[in-house]
Amino acid sequence: MKEKTILVIEDDEMNLKLVRTLLKVCRYGVIEAMDAENGIELAREHHPDLILMDIQLPGMDGLKATGIIKNDPDLKEIPVVAITAFAMEGDEEKALKAGCDGYIVKPIDTRKFCATIETYCNNKGKDIDSGKEVS
Ligand code: MN
360 MKEKTILVIE DDEMNLKLVR TLLKVCRYGV IEAMDAENGI ELAREHHPDL ILMDIQLPGM
420 DGLKATGIIK NDPDLKEIPV VAITAFAMEG DEEKALKAGC DGYIVKPIDT RKFCATIETY
480 CNNKGKDIDS GKEVS
């Protein structure tokens, strides 16, 4: 089976490094962007199996970028999972409203990460943290 490719859009180097390491351990291919504009470009170029989207990015934020992806006929089928900071209350709701298929809270739970990613790759539109359907 072909390896799945995950596009990570994250401007925080520490978090990007952690996510990259975890994804590689789980045998995913990883592509990376540190801002939304570059991320959308890479999504068009590589058509990844999943996009991990940080919400707070320099320039265009992750919510706006998700809106662009979900309004693009060529990209809208790609699941987008927001990476939200634990302290940012209301971010989860905003992420889902903006079109994200789910969210992962920072700091990332490294034990659950791979299973979470696999579920989102195969079963988009389901919020596995709460078990509720979100779309
Ligand atoms: Mn950020």
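Per my numbering, residue 360 is the first one in the sequence shown, and the count goes up by one each step. Backbone N, C-alpha and C fix where the C-beta goes; we use that ideal spot for every residue, glycine too.
Measuring C-alpha to C-alpha distances from A454 to each of D431, E396, Q415, G398 identifies Q415 as the nearest.
The three-state reading of DSSP puts E391 in strand, counting E and B together. With contacts defined as CB atoms closer than 7 angstroms, V440 and Y479 qualify as a contacting pair. Here G398 is buried, its C-beta having at least 16 other C-beta atoms within 10 Å. Bounds of the beta strand (DSSP E) holding A441 are 439-444. If you look at T475, you'll find it in the alpha helix (DSSP H) that goes 472-481. In the three-state reduction of the DSSP assignment, L381 falls in the helix class. For T364, the enclosing beta strand (DSSP E) covers residues 364-368. Residue state for I414 is assigned as coil, using DSSP reduced to three classes. Relative to the ligand MN, D371 has its C-beta within less than 6 angstroms of a heavy atom.
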